[in-house]
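Chains as they are written, first to last, in this note's numbering: chain G, 919 to 1344; chain R, 150 to 387; chain W, 524 to 870. Virtual Cβ for every residue (Gly too), placed ideally from N, Cα, C. Keep in mind that this is a model prediction, so the values were computed, not measured.
This is the structure:
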């Protein structure tokens, strides 16, 4: 490098981390204590560690088994989804959202697609909205099952993970029948669904709805009143309601503390305002409350899906808002009519160009508020694409919770926040 | 008979070598390992003397408990942090040598007096057989003839335990206690200072201050059907 | 009694050792099959018929693996530690009686290796040495996860050893002996329970001690839900994180053999050892019975592992010192009082 390099802080050069005052997570009194004590053990958990749910790295300062300082370090799975979203055409952005929270991919698609639809002024047909609810609630159950399995495995209940993944298979089978993919589904499209609903999907979902409550009772039997489970989760990781709001937590982390905020109720999207369901709220805000809340959310999801399946069974309306210019033309028309073929050609080659503006859409993801903010400058790629991933925000409370906890609690706390590093790092 | 002698010398040799190693080893953990070897050799000598009970207790108490706790401490000490571990401290070294010499003289005196007088103690093979074995003999000795000494030793050990507990109380350690108050103390049933302030009028559950709830679910969820519903629950409100 | 030639004892000891090693190998198979059945899956199926050769394949694999020694490790201790675990685990079997003295092949044969008059304490003593393997291995690895695992092991084993030892005191009082052979013989006498005549198994007269013994034995062998020293979720295998290849397999062997030995020990102490219908006439039935009883305990271990979450360190210690220790002392006091009262010495 030559001498033309500007000094940090001048001429628009970024200020590098070492020039800034240390902004750690500990308070001054902790710092005094940490500096005064010579018996501390620094333990580096991760990024390769079986219980940090991916590549989270947590640097712990321990006194014996008690944690005095906890510093979560993220970024090991950063793929730049937001930047990728700013260099791909609108329809091409949707598959990237699968890769953020890969255990609940349909939900990510939904949020992204809803933001694009808002931008374009497209509204998907009623039947498609019901199907979107079905798929997002199924993915909520799938995500909660992964959470339950890994959380229980972290706390030592070996068999739970296998039971949970057994039931998750059924959901993934539904996804596979619906869209051909199991994990990265790329299920939602701008305007609805362009492909027909396969025959036999509704009976398959009904079979799942029949089987799952009994299976969930098995989980209840194994864990809910298990004294060791209670000892490990009750009064551990207490988040008071005020702290939860201060850390802007969402999802079960917020509702476990008793704050009634669920986007499905507070700002209903799709057809949630027509469906009957309750939002479970915890009373204490500890790990056990969040466990109960998530377990109840699965039951409510079953309730929602049942209503939706009942509704869509009788419907024969279109699945796609074909009247809009921003929507991919119908497959049949592409094959037969010249206009549709041209439109399809332009849609694929050039992509859609929404009007200049900005839009934010948020869905109640299994982990919290999953928001997508998109700015259009009128071109066929987004000017700005921003993902508000719930677990990135929720993870912020970890160091607050971990201080003073025991070493074994850290894995319980990471589990209870329910992070997926793909979503945290994006 | 010669076999027993050979085995005895083998055991004794290893015991003396390992005892020497305890002193000579530069790493405290190595010293502890060698001490363990020495203890086991002594237990073996007890077995050869027909005192199996003593041998087993030697292993359980000294090797299995005391030395483990010693290791517990030694493992956390970096030998590099002990600059004066092998050098310096002339006073301690002198006192140590003196104490060792006194101990050696005591043992020697005991052995020599027995050899000179030729008097045997009451623990002869015949006497032991008469009460049914060395375990029984030891039990009878301790709980009849030496009961007072035994009880006094028990009291001394109890005092030692109490002292250790008092010393280890975190609240007595100033900085440490201060630190613990400031953390979300999940290991403590009290919880945290931030967690559950007794806000006026809020029906905070009994779990907030006292001990954990009894086993069983013991907790219900609030089912909110309405987004404006704000149930009053544990934790502060804005 | 102890009058058989030494070489016969050596042959019997050799047999027991090999049976234990093979039993350990198939214990892993049994565990994997049982866990598979409990978790809705198959367990090993590919190697040999029904996966029966899987343990052997695993052994060969472990032999063929590269033996890594971390550069910062204390090589001498690192080498020595797994051997302690393995040897002490296997030595415990020396005092387990598989039956009395039998007449076979024209000779009087003892179905036990040795009859120490402190046999029960002998098993405890060697299991207490076994913890050195864990602590020293953990320290020698110079890995912080291992160190924490070693610290947990030290505290856990010292605490639960007290429970384990004291839970047996009631049995010793009733049997009037510390010798496992005497305890076994005592349990072959009959006990009148009203109209019922049953064998005097100590599980009937010492049920509390039996439960406490089982809890402490699970903790002593570092099995779930007390597997804190090797808690894979937070400590990444704890004390044997750095061990690989055959050194690791010594830990593995040691853990499973100590499970088998503790199961045999429990069967001898509380379930009458080889006693059962027809065992007094046919010695091989006695051996079968003790093995079946041990397998019941081993199944119990596996069942616990498949079902229960893991304790936290402070809860584990709290359980030992605040719950189990008072109970075990209560058991001793009550047993002693009853024993004295039955001898007419109390009142």
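Whole-angstrom distance between residue j and residue i, CA atom to CA atom
i, j, result
"residue 863 of chain G", "residue 998 of chain G", "Residue 863 of chain G falls outside the range modelled here, since chain G spans only 919 to 1344, and no answer is possible."
"residue 342 of chain R", "residue 1158 of chain G", "Residue confidence is low: residue 342 of chain R scores 38 on pLDDT, short of 50, so the model does not pin down where it sits. Its coordinate-derived value is still stated next. Near 11 Å, if we compare the C-alpha coordinates of residue 1158 of chain G and residue 342 of chain R."
"residue 939 of chain G", "residue 986 of chain G", "Its pLDDT being 37, under 50, residue 939 of chain G is placed unreliably in this model, and the coordinates cannot settle the point."
"residue 1225 of chain G", "residue 1193 of chain G", "7 Å"
"residue 1197 of chain G", "residue 1055 of chain G", "14 Å"
"residue 772 of chain W", "residue 1146 of chain G", "30 Å"
"residue 600 of chain W", "residue 184 of chain R", "14 Å"
"residue 173 of chain R", "residue 566 of chain W", "52 Å"
"residue 765 of chain W", "residue 739 of chain W", "27 Å"
"residue 757 of chain W", "residue 835 of chain W", "11 Å"
"residue 242 of chain R", "residue 252 of chain R", "15 Å"
"residue 1104 of chain G", "residue 1283 of chain G", "16 Å"
"residue 369 of chain R", "residue 1185 of chain G", "26 Å"
"residue 1167 of chain G", "residue 1311 of chain G", "6 Å"
"residue 257 of chain R", "residue 268 of chain R", "16 Å"
Cβ distance (whole Å) where residue i is taken to contact residue j below 8 Å
i, j, result
"residue 550 of chain W", "residue 782 of chain W", "7 Å"
"residue 1298 of chain G", "residue 1269 of chain G", "4 Å"
"residue 1176 of chain G", "residue 1199 of chain G", "5 Å"
"residue 641 of chain W", "residue 284 of chain R", "6 Å"
"residue 1098 of chain G", "residue 1082 of chain G", "Not a contact, Cβ separation roughly 24 Å."
"residue 532 of chain W", "residue 613 of chain W", "Not a contact, Cβ separation roughly 16 Å."
"residue 1324 of chain G", "residue 563 of chain W", "With a Cβ gap of about 32 Å, residue 1324 of chain G and residue 563 of chain W do not count as contacting."
"residue 593 of chain W", "residue 665 of chain W", "6 Å"
"residue 1239 of chain G", "residue 1230 of chain G", "Residue 1239 of chain G to residue 1230 of chain G, Cβ: 17 Å. No contact."
Proximity below 8 Å, CB of residue i to CB of residue j
i, j, result
"residue 213 of chain R", "residue 616 of chain W", "no"
"residue 216 of chain R", "residue 181 of chain R", "yes"
"residue 1020 of chain G", "residue 1338 of chain G", "yes"
"residue 1233 of chain G", "residue 1045 of chain G", "yes"
"residue 703 of chain W", "residue 611 of chain W", "no"
"residue 1342 of chain G", "residue 992 of chain G", "yes"
"residue 1300 of chain G", "residue 1004 of chain G", "yes"
"residue 203 of chain R", "residue 274 of chain R", "no"
"residue 1346 of chain G", "residue 1220 of chain G", "The question about residue 1346 of chain G has no answer here: the residues shown for chain G are numbered 919 through 1344."
"residue 974 of chain G", "residue 961 of chain G", "no"
"residue 700 of chain W", "residue 851 of chain W", "no"
"residue 1061 of chain G", "residue 1070 of chain G", "no"
"residue 661 of chain W", "residue 672 of chain W", "yes"
"residue 729 of chain W", "residue 839 of chain W", "no"
"residue 667 of chain W", "residue 1076 of chain G", "no"
"residue 767 of chain W", "residue 659 of chain W", "no"
"residue 1287 of chain G", "residue 1115 of chain G", "no"
Residue from the options whose Cα sits closest to the Cα of residue i
i, options, result
"residue 906 of chain G", "G/1195, G/967 and G/1031", "No answer is possible for residue 906 of chain G: the residues shown for chain G start at 919 and end at 1344."
"residue 1013 of chain G", "G/1120, G/1270, G/1303 and G/1106", "G/1106"
"residue 741 of chain W", "W/863, W/594, W/721 and W/687", "W/687"
"residue 1274 of chain G", "G/1111, G/1262 and G/1295", "G/1295"
"residue 1285 of chain G", "G/1195, G/1215, G/1188 and G/1073", "G/1215"
"residue 748 of chain W", "G/1186, G/1072 and G/1122", "G/1072"
"residue 622 of chain W", "W/732, W/708 and W/817", "W/708"
"residue 1063 of chain G", "G/1074, G/1043 and G/1089", "G/1089"
"residue 1327 of chain G", "G/1207, G/1149 and G/1101", "G/1149"
"residue 1009 of chain G", "G/1035, G/1184, G/1022 and G/1018", "G/1035"
Beta-bridge partners of residue i, as assigned by DSSP
i, result
"residue 1280 of chain G", "G/1289"
"residue 858 of chain W", "Answer is none; residue 858 of chain W lacks a bridge partner."
"residue 1303 of chain G", "G/1292"
"residue 1346 of chain G", "Missing from the structure shown is residue 1346 of chain G; chain G here goes from 919 to 1344 and no further."
"residue 1238 of chain G", "G/1110"
"residue 981 of chain G", "G/984"
"residue 1199 of chain G", "R/371"
"residue 722 of chain W", "W/713"
"residue 960 of chain G", "G/979"
"residue 1275 of chain G", "G/1294"
Short CB-CB distance (under 8 Å) between residue i and chain B
i, result
"residue 539 of chain W", "Protein chains G, R and W are contained in the structure displayed, whereas chain B is not."
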